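In short: position in the sequence shown from 1, add 662, done, that's the working numbering.
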Amino acid sequence: MFRLPLLSVALILFALPQPSTAGDPVGDPVRIFEVSGSGKTQHIHGNGLGDKTFVTKINKKSIVSCVTGVDFGDCQLIPNTKDGKVYLYIYDSGNWGIALDPDPSEATVTFMEGLTDGKGKFMFIGSDPTTGVQYIAEGKAKLDKALGDDLIPTKVSGKLRAIDVAGGHTAVSSFKSVGKALEIEL
Numbered sequence: 663m664f665r666l667p668l669l670s671v672a673l674i675l676f677a678l679p680q681p682s683t684a685g686d687p688v689g690d691p692v693r694i695f696e697v698s699g700s701g702k703t704q705h706i707h708g709n710g711l712g713d714k715t716f717v718t719k720i721n722k723k724s725i726v727s728c729v730t731g732v733d734f735g736d737c738q739l740i741p742n743t744k745d746g747k748v749y750l751y752i753y754d755s756g757n758w759g760i761a762l763d764p765d766p767s768e769a770t771v772t773f774m775e776g777l778t779d780g781k782g783k784f785m786f787i788g789s790d791p792t793t794g795v796q797y798i799a800e801g802k803a804k805l806d807k808a809l810g811d812d813l814i815p816t817k818v819s820g821k822l823r824a825i826d827v828a829g830g831h832t833a834v835s836s837f838k839s840v841g842k843a844l845e846i847e848l
């Protein structure tokens, strides 16, 4: 069975966080966004030549059901929270993370490393050390001009691709930030 870590939301559904401290960026996040999205999971296990694979669609409603603990397919394996939301943590232009809690002092974050260019294009890669799920997030960010070369976004949108080789699943989802960044109380 596939363990969904966190970023769709449905970025986030495939990069949903599992407890880990491996590769944690040093310092506190500078921005936290609620993110949402949609996509699909392809179940590739035991298929023979010419067999059609089973596909599960992921949407905002299924993400909330998954994160709040309502049984939705493979989602019962992720940590649950009562608000049903997924959050994108921005540490700097090369370190991002995903969590199910907007409070940095309480959140278990799945970390990603990557690059952001001066026009806002980004690509990040991460691997959940608990489940082995690997994922790539890529897209476009609107950058905060007041922060100059720090390349910190004011909003993001993109695609998340994930693969769980051991579980026989792949996923592709779109994601975007919802509203303005949350106020951070450290």
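For every residue, glycine included, the Cβ atom is placed at its ideal position computed from N, Cα and C. Since we're looking at a predicted model, the values are computed, not measured.
Could you please give me the residues that DSSP links to residue i through a beta bridge?
| i | result |
| --- | --- |
| residue 831 | 705 and 826 |
| residue 766 | The partner list for residue 766 (beta bridge, DSSP) is empty, contrary to what the question assumes. |
| residue 718 | 703 |
| residue 754 | 757 |
| residue 694 | 751 |
| residue 817 | 804 |
| residue 839 | 697 |
Can you give the Cα-Cα distance for residue i and residue j, rounded to whole angstroms?
| i | j | result |
| --- | --- | --- |
| residue 817 | residue 711 | 43 Å |
| residue 763 | residue 770 | 8 Å |
| residue 754 | residue 692 | 7 Å |
| residue 745 | residue 696 | 11 Å |
| residue 757 | residue 840 | 20 Å |
| residue 724 | residue 793 | 21 Å |
| residue 768 | residue 844 | 15 Å |
| residue 750 | residue 822 | 13 Å |
| residue 690 | residue 772 | 14 Å |
| residue 636 | residue 815 | Because the chain in this structure spans residues 663 to 848, residue 636 falls outside the shown range and cannot be described. |
| residue 820 | residue 798 | 10 Å |
| residue 808 | residue 713 | 53 Å |
| residue 766 | residue 720 | 26 Å |
| residue 837 | residue 748 | 11 Å |
| residue 806 | residue 778 | 13 Å |
| residue 787 | residue 774 | 5 Å |
| residue 827 | residue 791 | 14 Å |
| residue 842 | residue 761 | 17 Å |
| residue 789 | residue 776 | 12 Å |
| residue 683 | residue 813 | Reliability of the predicted coordinates at residue 683 is poor, the pLDDT of 42 falling under 50, and the value obtained from them is presented with this limitation in mind. The straight-line gap from Cα to Cα measures roughly 25 Å. |
| residue 810 | residue 722 | 33 Å |
Just confirm the distance between the C-beta atoms of residue i and residue j, as a whole number of angstroms; I'd bet it's less than 8 Å.
| i | j | result |
| --- | --- | --- |
| residue 825 | residue 796 | 5 Å |
| residue 709 | residue 715 | 6 Å |
| residue 835 | residue 700 | 6 Å |
Does chain C have any CB closer than 8 Å to the CB of residue i?
| i | result |
| --- | --- |
| residue 781 | Reference to chain C is not applicable here, since this structure consists of a single protein chain. |
Could you give the residue range of the beta strand (DSSP E) that holds residue i?
| i | result |
| --- | --- |
| residue 805 | 796–805 |
| residue 772 | 772–778 |
| residue 783 | 783–789 |
- Segment contact, 8 Å Cβ cut-off, at least three pairs: the region 773–785 with the region 800–819: yes
- Message: With a threshold of 8 Å, are at least 3 pairs of Cβ atoms found where one atom belongs to the region 692–705 and the other to the region 821–836?
- Response: yes
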